[in-house]
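Notes follow once the structure below has been shown.
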Amino acid sequence: MIVKLAWRNIWRSPIRSFVVMGSVIVGVWSLVVILSYSYGVVNGYVKNAISNQTSHIQIHHPSFGDDMDIAFTLPENSTLDSSSSMGGFSYSKRAVVSGMISTTKGARGVTIKAIEPEKEKAVTTMHTEIVEGEYLTEDKKNQLILGASLAEKLGLKVRKKAVIQFQDKEGNVIAGSFRVVGIFDSGNRLIDDAQIYIKKGDLENLIGTATTHEMAVLLSDPDELGSVQQALTAAFPDLQVESYREISPDVKLYETQIGTSSMIFITIFMLALIFGIINTMLMAILERTRELGMLMSIGMNKIRLFFMIVLETVFLACIGAPFGLFIGWLTVKYFAKNGFDLSAFADGLKQFNIESIIYPSIEPTLFFQLSLGVIITAILASIYPALRAIRLRPVEAIRKL
Amino acid sequence: MRVIKASQLKKTYNPKGIAVEALKGVDLNIDKGEFTAIVGPSGSGKTTLLNIIGGLDRPSSGQIMVNNTDITSLTENKLIDFRKENIGFVFQAYNLIPVLTAKENVEFVMLLQGTSEKERNARTESLLKAVGLEDKIDKRPGELSGGQQQRVAVARALAPKPSFILADEPTANLDSQSTANLLDMMLALNKEEGVTFVFSTHDQRVIDRARRVVTLEDGLIVSDVTR
Chain C
0 MIVKLAWRNI WRSPIRSFVV MGSVIVGVWS LVVILSYSYG VVNGYVKNAI SNQTSHIQIH
60 HPSFGDDMDI AFTLPENSTL DSSSSMGGFS YSKRAVVSGM ISTTKGARGV TIKAIEPEKE
120 KAVTTMHTEI VEGEYLTEDK KNQLILGASL AEKLGLKVRK KAVIQFQDKE GNVIAGSFRV
180 VGIFDSGNRL IDDAQIYIKK GDLENLIGTA TTHEMAVLLS DPDELGSVQQ ALTAAFPDLQ
240 VESYREISPD VKLYETQIGT SSMIFITIFM LALIFGIINT MLMAILERTR ELGMLMSIGM
300 NKIRLFFMIV LETVFLACIG APFGLFIGWL TVKYFAKNGF DLSAFADGLK QFNIESIIYP
360 SIEPTLFFQL SLGVIITAIL ASIYPALRAI RLRPVEAIRK L
Chain B
0 MRVIKASQLK KTYNPKGIAV EALKGVDLNI DKGEFTAIVG PSGSGKTTLL NIIGGLDRPS
60 SGQIMVNNTD ITSLTENKLI DFRKENIGFV FQAYNLIPVL TAKENVEFVM LLQGTSEKER
120 NARTESLLKA VGLEDKIDKR PGELSGGQQQ RVAVARALAP KPSFILADEP TANLDSQSTA
180 NLLDMMLALN KEEGVTFVFS THDQRVIDRA RRVVTLEDGL IVSDVTR
């Protein structure tokens, strides 16, 4: 009967109830959209970072990360068996050195990534980001691909030549002439400006020895990251096996930040809602003072009265939540297919490695978090009005007009 | 059998720091089956006395025994439970729960008591029949006249099988016909089922039909007549 009473009570003033429900619907809807948009931004960022830079896992000499010294190579017998028990993955070996690229127009400090072109295709998406010319091929020596922005600064075009210089283990300067075969646009200004790609064999020819600094591993199932990393660490106890989160702390920051910002958004929403609900419930209690006094007079104890007010508040808040979630889901579904087009801000977004079309995505836990948030909000918001109700003195309350 | 025994009840209010004595030492005994009207001019203390007898208010001093329980010594929560089990209330403004039907209003206190559904249904039906509203069981208070609402209020007060019913000016908002009907019904319940009624009123129509009339003036009983 208390449940029935609470349910019917919220419909005594339909307009007031609809206002509260409306604010819950709008609040929940906007949160779903904002948070799924944020997840979309972060997912795009992480996806870009993995496909363009880090892969899921990288293996290095333990000292390589300090200053990328050319001397810190991996043992040449380091190979990964993709048929092992570690699950599906692809990998590619790289030599990575710091050096300089020079043309008649100028010189720039760059990271030279010497790759196995065909194997690299399975690990990064660089081959798909060529906007002019072509990707590295095996048929000709000393090929070079570089970012569009760097090419512009150096006045380089496809088929033009550039000189690449770097120091070997002994500190001797090694230089080689390379021909530009392709220009890429990765969408990441940091890569486009500061990384160039050549073939691993060409670099080894210049050095005169086989050289591998890095093995990049891309997993078929990213959820297996932890177990594969563990298995690789066990397989290469003397090497450093790092996940993309460790290699690129900004990615980790983004991933953890999204959880924090979600909680901040939800908390702000809850606070705004709490005050709205408290106001509504206090008005409802003021209007029903005599009735509440009567209920206590005829034997409704304070626990039941408290419970009734809490229940009314929970009903009021919770009716709106499913509608808000549903409308939010529909909105996200639409934009997940069509994307939020932020092309107008593409240049600015590129600086932050964020794509210009954002595809929002909903984490299923968000629905649970929001539903729980609304219920907690309603319960918190009901406490003060409920306390006000049970503090009424029946003898005074029943005489209120 | 004595259901109410009030001894030297005093009640002093202090609105705005000025002490006002509403009751100045009232002794009153009421036995089972009585049909008693407490009368007096406005401000004589009859509503205060009724509130104290009903456990809605506490005396400044004195003792009130209801069914041999000193209700002045009960905590607030125990007092609520005591009222639920022992006292039926009929208010001047009916005070029904507007979102519940007549039937639901009547069975409400029985639900609080934990009465079984079968017993609840049977008692609700018989009570609404007794007050002549068996055809209005699914009507909400807003769909009933003032007289009909007060009848539902009487049925609700009777539902938990209380020791007595306290009615504060029950006819104040009713027209002559509704007042007569209500009094007929309550007198019948008193006579046939032995229900004890205690009214506060200054309605002469009620006073005329009460068997005992207790008159209060300035917080003291000035006459107590049984007819």
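Here the protein sequences line up with chains C and B, keeping their order.
Counting from 1, position 116 in the first sequence corresponds to residue 115 in numbering that gives the first Met the number 0; the numbering is continuous, with no gaps.
Counting from 1, position 67 in the second sequence corresponds to residue 66 in numbering that gives the first Met the number 0; the numbering is continuous, with no gaps.
All C-beta atoms in this analysis are idealised placements derived from N, C-alpha and C, irrespective of residue type, glycine included.
Asked	Found
In the DSSP assignment, find the alpha helix (DSSP H) that holds S381/C and state where it starts and stops.	363–389
Give the range of the alpha helix (DSSP H) segment to which N120/B is assigned.	116–129
Helix, strand or coil: which one does DSSP assign to L49/B?	helix
Who are the neighbours of L110/B on chain C, taking C-beta pairs under 9 Å?	M0, I1
Whose Cβ in chain B lies nearer than 7 Å to the Cβ of I397/C?	F90, N94
In the DSSP output, which residue or residues are listed as bridge partners for R93/C?	I114/C, E213/C
In terms of residues, what are the limits of the beta strand (DSSP E) holding G24/B?	19–30
Could you check what DSSP says for S82/C in three-state terms: helix, strand or coil?	Any reading at S82/C must be qualified, since the residue scores a pLDDT of 47, below 50, and its modelled position is unreliable; no value is offered.
Per DSSP, what are the beta-bridge partners of Y12/B in this structure?	V19/B
Determine the direct distance from the alpha carbon of G87/C to that of S242/C, and round the result to whole angstroms.	16 Å
Quick one: grab the DSSP three-state call for L215/B.	strand
Could you confirm whether any beta carbon from chain C is found closer than 8 Å to the beta carbon of K83/B?	yes
By a C-beta neighbour count over all protein chains shown, 10 Å radius and 16 as the cutoff for buried, is M0/B buried or exposed?	exposed
Taking P393/C as the query, report the chain B residues whose CB atoms sit under 7 Å from its CB, ordered along the chain.	L55
In terms of alpha-carbon separation, which member of S12/C, A215/C, P13/C, K104/C lies closest to L73/C?	A215/C
Taking the DSSP output, what are the residues bridged to T200/B?	V38/B
Using CA coordinates, which residue listed in S148/C, I144/C, E169/C, T312/C is at the minimum distance from I163/C?	I144/C
So for H59/C, helix, strand or coil by DSSP?	strand
Assuming V416/C and G275/C make a contact with CB atoms under 8 Å, what is their CB distance in whole Å?	Past the boundaries of the shown model lies residue 416/C; chain C is included only from 0 to 400, so the question cannot be answered.
May I ask you to report which of helix, strand or coil DSSP gives D237/C?	coil
D283/B CB to nearest chain C CB: under 8 Å?	Nothing about residue 283/B can be reported from this structure: the residues present for chain B run from 0 to 226 only.
Which residues bound the beta strand (DSSP E) around G258/C?	Per DSSP, G258/C belongs to no beta strand (DSSP E); it is in the alpha helix (DSSP H), 248–286.
Whose Cβ in chain C lies nearer than 7 Å to the Cβ of N50/B?	V394
In the segment 306–353 of chain C, which residue ranges form an unbroken alpha helix (DSSP H) of at least 4 residues, counting only runs that do not cross its ends?	345–350
Which runs of the alpha helix (DSSP H) fall wholly inside the segment 133–218 of chain B and span at least 4 residues, in chain order?	145–157, 175–192, 203–208
From what residue to what residue does the alpha helix (DSSP H) around S60/B run?	Taken as a continuous stretch (DSSP letters only), S60/B belongs to no alpha helix (DSSP H), being part of the beta strand (DSSP E) at 60–65.
Determine whether the beta carbon atoms of A147/C and F183/C lie at a separation below 8 Å.	yes
Below 9 Å on C-beta distance, what does K301/C contact in chain B?	E75, N76, I79
Among the residues of its own chain, which have a CB less than 6 Å from the CB of M99/C, if the five just before and after it don't count?	A106, G108, Q164
Quick check on DSSP: helix, strand or coil for R107/C?	strand
Taking 8 Å as the cut-off, does the segment 136–151 of chain B touch the segment 85–103 of chain B (at least 3 CB pairs, one atom from each stretch)?	yes
Between M269/C and chain B, is any beta-carbon pair separated by less than 8 Å?	no
Should the segment 50–63 of chain C be called in touch with the segment 116–131 of chain C, which here means at least 3 C-beta pairs below 8 Å?	yes
Could you tell me whether the Cβ of E286/C comes closer than 8 Å to any Cβ of chain B?	no
Would you call the CB atoms of V402/C and I361/C closer than 8 Å?	The requested residue 402/C is not part of the displayed model; chain C covers only 0 to 400.
Taking Cβ positions only, does V98/B come closer than 8 Å to chain C?	yes
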